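Visitor:
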Ligand code: NAD
Ligand code: GLY
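In the numbering used here, the protein residues as written are 1 to 369.
#1: Would you give the residue range spanned by the beta strand (DSSP E) that residue 17 belongs to?
#2: Is residue 53 helix, strand or coil by DSSP?
#3: Compute every distance between the C-beta of residue 120 and the non-hydrogen atoms of the ligand NAD, then say whether any falls below 8 Å.
#4: Express the C-alpha separation of residue 287 and residue 389 in angstroms, rounding to a whole number.
#5: What ranges does the alpha helix (DSSP H) occupy inside the stretch 162-223, keeping only unbroken runs of at least 4 residues that lie completely in it?
#6: Mind checking whether residue 281 and residue 263 have CB atoms under 9 Å apart?
#7: Quick check on DSSP: helix, strand or coil for residue 250?
#8: Where does residue 365 sit, in a helix, a strand or coil, going by DSSP?
#9: Pull the bridge partners of residue 3 from the DSSP assignment, please.
#10: Are there 16 or more other CB atoms within 10 angstroms of the CB of residue 203, so buried, or fewer, so exposed?
#11: Exposed or buried, residue 289, counting other C-beta atoms within 10 Å across all chains shown (16 or more means buried)?
#12: Give me the Cβ distance between residue 253 and residue 324, rounded to the nearest whole Å; I'm assuming they're in contact under 8 Å.
#13: Which residues in the same chain have their Cβ closer than 6 Å to the Cβ of residue 173, if we skip the five residues on either side of it in sequence?
#14: Out of 129, 115, 317 and 343, which one is the CA nearest neighbour of residue 358?
#15: Pull up the distance between the alpha-carbon of residue 272 and that of residue 247, whole angstroms please.
#16: Verify the contact flag: residue 290, CB atom, against every heavy atom of the ligand GLY, threshold strictly below 8 Å.
#17: Is the beta carbon of residue 227 within less than 8 Å of some heavy atom of the ligand GLY?
#18: Please state whether DSSP places residue 77 in a helix, a strand or coil.
#19: Can you have a look at residue 59 and say buried or exposed, based on whether 16 or more other CB atoms are within 10 angstroms of its CB?
#20: Closest to residue 175 by CA distance: which of 20, 138, 45 and 239 is it?
#21: Which of helix, strand or coil does DSSP assign to residue 335?
#22: Could you tell me if residue 222 is buried or exposed, where buried requires 16 or more neighbouring beta carbons within 10 angstroms of its beta carbon?
#23: Out of 97, 113 and 129, which has the shortest C-alpha to C-alpha gap to residue 22?
#24: With a threshold of 16 other CB atoms inside 10 Å of the CB of residue 209, please say whether the residue is buried or exposed.
#25: Is there at least one non-hydrogen atom of the ligand NAD closer than 8 Å to the beta-carbon of residue 376?
#26: For the ligand NAD, is there a heavy atom less than 8 Å away from the beta-carbon of residue 161?
#27: Please confirm whether residue 66 and residue 40 have their CB atoms less than 9 Å apart.
#28: Report yes or no: do the stretch 225-244 and the stretch 4-16 share at least 3 C-beta pairs separated by less than 8 Å?
#29: Find the nearest neighbour of residue 335 within the set 347, 345, 354 and 319, judged by alpha-carbon distance.
What follows is the structure in structure tokens.
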């Protein structure tokens, strides 16, 4: 088992990474549950596939457990979804000494985490991430949020979990497309800060996608170590944490344009956005074209999109994409902020990027005027 500590003083916690953790979840969680009670928030797909196993583990540890089951999909991460979950937690009589367990992908983690941050002015929560994306990214670091009609993740809170249990075995039931979407976040870590990890993925990425236990544990652990270090240094994204948004300004704009749904999954948007961020970096003279081509090759090798023409819902209008970028939380005073790169493994935050340069780049990428 790999154990990674997220160091945040009194709010520090461990991320445990291994197959079979759900079977041990009850014993691992019990010390954190003062009243021996938890409400597990999960979606109906995860409940059907893995709910019984988690319930058995919690009951065997003598814990009291209630399930709050929501509909799968990004639309659940909404004001209505938050109201519904909060109301059901209240109906269960969950108290401040009880703990919410977020059992699922990033949607459930973000929603249940946000509910925990405001429920009776804030209660503890535990993350049991069940997608690759959630294991390497969203379950670690305490960002919780819902989407609104004005954009994604615009209402939320920083609320750190008390424990993260990343059971690698649950990934076996993940649809291949979701696995690839999570893998986009894995390559992202190499691209943003670890060239040797990126080179390892160029060689071993196929084994990660085939869920070979050793390769998978190495990849998840390396991502979590990097995230833990960044979050430990910059919990509130004043500096280094922004690097985790590599590919997100381009990606979010496309997600917004395609309706945050099955047309383009979040990880697919990140993959395409990372390829664009490197090509944009090359166009601005920050990195070599060779690095941009290597990035594109590694992303495409995983069956992920790298070009606007790979995304459903096109052609995309440059001005509409730029308008979405202006709504992004990272936009400041109308100027755009991007995470760009000097090389693979050397991302940096570029503030005040001229929207005309972005427009010219998008047109060259095949966007319509
Ligand atoms: P998701 O939670 O929607 O899960 C994807 C799909 O996989 C769902 O249909 C779900 O039911 C299903 N699923 C989950 N686990 C499964 C399993 N083990 N077997 C079979 N099916 C399973 O999507 P996601 O990609 O995990 O997360 C995306 C969300 O995460 C977005 O809302 C994004 O904004 C958010 N996010 C948050 C952060 C953060 O730091 N908080 C970081 C990255 C992404
Ligand atoms: N996924 C970006 C972050 O956690 O900061």
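Glycine included, every Cβ here is placed at the ideal spot set by N, Cα and C. Every value quoted in this text rests on a predicted model; they were computed, and no experiment measured them.
Guide: Judging by the given coordinates:
#1: Run containing residue 17: 13-18, per the beta strand (DSSP E) assignment.
#2: Of the three classes helix, strand and coil, the one that applies to residue 53 here is helix, per DSSP.
#3: The nearest non-hydrogen atom of the ligand NAD is 8 Å or more from the C-beta of residue 120.
#4: Nothing in the structure corresponds to residue 389, since the chain is present only between 1 and 369.
#5: For the stretch 162-223, whole alpha helix (DSSP H) runs of length 4 or above, ordered along the chain, are 176-193 and 195-209.
#6: In this structure, residue 263 does not lie closer than 9 Å to residue 281 by Cβ.
#7: Correct three-state label for residue 250: helix.
#8: Shown here, residue 365 sits in coil according to DSSP, grouped into three states, outside any helix or strand.
#9: Residue 3 pairs with 16.
#10: Burial call: exposed.
#11: Under this definition residue 289 is an exposed residue.
#12: Between residue 324 and residue 253 the Cβ distance is about 4 Å, and since that is below 8 Å, they are a contact.
#13: Non-local beta-carbon contacts of residue 173 in its own chain, meaning distances under 6 Å to residues more than five positions away in sequence, involve 49 in chain order.
#14: Closest option to residue 358, judged by alpha-carbon separation, among 129, 115, 317 and 343: 317.
#15: Straight-line Cα distance between these residues: approximately 7 Å.
#16: The answer is no for residue 290.
#17: Correct: residue 227 has its Cβ closer than 8 Å to the ligand GLY.
#18: DSSP places residue 77 in coil when its eight states are reduced to three.
#19: It counts as exposed.
#20: For residue 175, the nearest C-alpha among the options comes from 45.
#21: Strand, per DSSP.
#22: With 16 or more Cβ atoms within 10 Å of its Cβ, residue 222 is classed as buried.
#23: Checking every option, the nearest Cα to that of residue 22 belongs to 129.
#24: So residue 209 ends up on the buried side.
#25: Residue 376 cannot be examined here, being either before or after the span of the chain that is shown, 1 to 369.
#26: For residue 161, the shortest C-beta to heavy atom distance toward the ligand NAD is 8 Å or greater.
#27: Cβ distance < 9 Å, so residue 66 and residue 40 count as in contact.
#28: Verdict: yes, contact present.
#29: Minimum Cα distance to residue 335 is reached at 354.
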